[in-house]
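So that you can map any letter, position 132 of the sequence shown is 131 in numbering that gives the first Met the number 0, and since no number is skipped, the others follow by simple counting.
I have placed the structure first, in the form of structure tokens, so that the comments after it can refer back to it.
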Amino acid sequence: MAKEITSREEDYSQWYLDIVNKAGLASNSKVRGCMVIKPYGFAIWEKMRDELDRRFKETGHQNAYFPLLIPKSFLSKEEDHVEGFAKECAVVTHHRLMANPNGKGVVVDPDAKLEEELIIRPTSETIIWDTYRDWIQSYRDLPLLVNQWANVMRWEMRTRAFLRTAEFLWQEGHTAHSTKEEAVEESRMILDLYADFAETFMAMPVYKGEKTPHERFAGADNTYTIEALMQDGKALQSGTSHFLGQNFAKAFDVKFLNEKNKEEYVWATSWGVSTRLMGALIMAHSDDRGLVLPPKLAPIQVVIVPVPKPNDAINAKVDEIMAALKAKGISVKYDDDKKKRPGFKYAEYEMRGVPVRLGLGKRDLENNTIEVARRDKERDNGGKYSIALDSVVEHVEQLLEDIQTGLYQKALNFRKEKTYKVDTWDEFVDVIENKGGFAYAHWDGTTETELKIKELTKATTRCIPLDVLFGEEGEGKCILTGEPSAKRVLFAKAY
């Protein structure tokens, strides 16, 4: 199966699509720009969703659901918001079909035109804040901490499975607060939550930072982001948390009576991650043999393969091992399908990124041994070995932890190697055009310069890091204009 994958060096984009296809994650839909998420891909997304959902609820958030369709007039109420999404909106204009009077099939009934067009949600701020006007009257109703798991649609022209599709799955949190300080704290808390999830579950290091004014979410006062680095040296925005100020509260007239019985506009946040994280997971860890999954997100953490085929003695021992592994919360599968040879099974589970494979045969039982193969290493580099059968459960438990931390450390080392502190335009161009990765550079703070840098190099500002990356940083000069710069910014080519 690995021979069917284009190598990363040969064609990184095709390598990515090959893994999505061969690992059974998703396939193209008949609807342009949309994808079908296959069961194995959806199982990974469910692991992400369930862990994030648990974390949201631990921090006091509750799930709700809001309509898919939004009246067009709602998007006109917040000027920056409508401008940011207008070109991506899909519009519903009629409410009924009719039999084709000229032949077979159906056509749109011309008499069923809607009085007001409806927009398929590109994001839900507008309809949610229209609803919040009815939910919020006084300070006793605040904070309002709501999350929604949903699908959204943004009419993308260039699509790629998981990374950018017309329809995608996500969660979107929308919270209302009585003070600015509380809303800012909420948006920063969610940013930290996203970063911790990315690093501890996805084994993917991220930079936390603020977006520049030009790169902010449409309608936000401030946007916080986590930025990850893919193996081809491009950045991927992997989650955002927005401090919305009072913009949407004013647009939809959402007020509350404070403790002094005075009327105020509420303060707001919104935040979200999407199935784009699936693309990040693939590109952060996978190799030319297929998908590589961190154990915490693997639908199957351990697969056991009988060699060359099952018998009563092997089955009995496997039942014992599986029961012990499941008791420790480890997901395990026994593939006793007699129609497939062990070699085919090995290739299949390698392609699907199963972290640990165990092989057990008659001779292993006689020698009280079992074969272990770990997906994160090459077979001839510690990836395949035998251990005492009696120690397999404890060994696998520790091995899964080692693989999880090892994948993170490998990705962290790569990011360190690919983050460059640059002080001149020539150094900047060399990083962006030749080395790949993040260029940590001074910028004069103007959108004009930001857009000029993008025009010249295709690099964009990814974020203004919240942490200092190379020791104490002071003022400097912009790499392009030479004008004074208060701080450095991370630039990169990005998805």
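All C-beta atoms, glycine included, are put in the ideal place defined by N, C-alpha and C.
Remember, it's a predicted structure, so these values are computed and weren't measured experimentally.
Check	Outcome
With a threshold of 8 Å, are at least 3 pairs of Cβ atoms found where one atom belongs to the segment 92-106 and the other to the segment 150-157?	no
Where does Thr64 fall in DSSP's three states?	Residue 64 is actually Tyr in this sequence, not Thr. Tyr64: coil per DSSP, three-state reduction.
Are three or more beta carbon pairs between the segment 181-197 and the segment 237-244 nearer than 8 Å?	yes
Short check: CB of Leu398 to CB of Val331, under 7 Å?	no
If you pair each beta-carbon of the segment 304-312 with each one of the segment 341-357, do three or more pairs fall below 8 Å?	yes
May I have the straight-line CA-CA distance separating Asp133 from Trp148, to the nearest angstrom?	22 Å
Going by beta carbon distance, what residues of the same chain come within less than 7 Å of Ser28, once the five residues before and after it are set aside?	Met34, Val35
Can we say the segment 388-404 touches the segment 416-436, given the rule of at least three CB pairs closer than 8 Å?	no
Determine which residues share a DSSP beta bridge with Gln136 and list them.	Paired residues: none, contrary to the question.
Rounding to the nearest angstrom, what Cα-Cα distance links Asp110 and Leu96 in this structure?	10 Å
My parser needs the alpha helix (DSSP H) runs of 4 or more residues fully inside the segment 352-378; what are they?	361-366
Mind checking who Ile236 pairs with in its DSSP beta bridge?	The sequence given here places Gln at residue 236; Ile does not occur at that position. Bridge partners of Gln236: Glu226.
Spatial neighbours of Lys453 within its chain, please: C-beta separation below 7 Å, excluding the five flanking residues on both sides.	Thr459
Have a look at Glu57, Glu209, Pro70, Pro341 and flag the residue whose alpha-carbon is nearest the alpha-carbon of Arg487.	Glu209
From Ala219, Tyr223, Ala387, pick the residue whose C-alpha is nearest to that of Glu365; which is it?	Ala387
Using a Cβ-Cβ cut-off of 7 Å, state whether Gln403 counts as contacting chain C.	Absent here is chain C; the protein component of the structure consists of one chain.
For Tyr264, I'd like the list of residues in its chain whose CB is within less than 6 Å of its CB, leaving aside the five on either flank, ordered along the chain.	Gln245, Ala248, Lys249, Lys254
If we count the other Cβ atoms within 10 Å of its Cβ and call it buried at 16 or more, is Ala485 buried or exposed?	exposed
Can you tell which of Thr199, Ser285, His173 has its C-alpha closest to the C-alpha of Thr5?	Ser285
Can you tell me the Cα-Cα spacing of Asp466 and Glu226, whole angstroms?	13 Å
According to DSSP, what are the bridge partners of Tyr333?	Ile303
Going straight from the alpha carbon of Arg414 to that of Ala493, what length do you get?	14 Å
Count Cβ pairs between the segment 173-184 and the segment 257-272 that sit closer than 8 Å; are there 3 or more?	yes
So Leu479 and Arg461 are in contact, right, with Cβ under 8 Å, and what is the actual spacing, rounded?	Rounded, the Cβ-Cβ distance is 17 Å, inconsistent with contact.
Excluding sequence positions up to five away, which residues of its chain have a Cβ less than 7 Å from the Cβ of Ser75?	Val81
Kindly identify the DSSP beta-bridge partner or partners of Arg163.	Arg159
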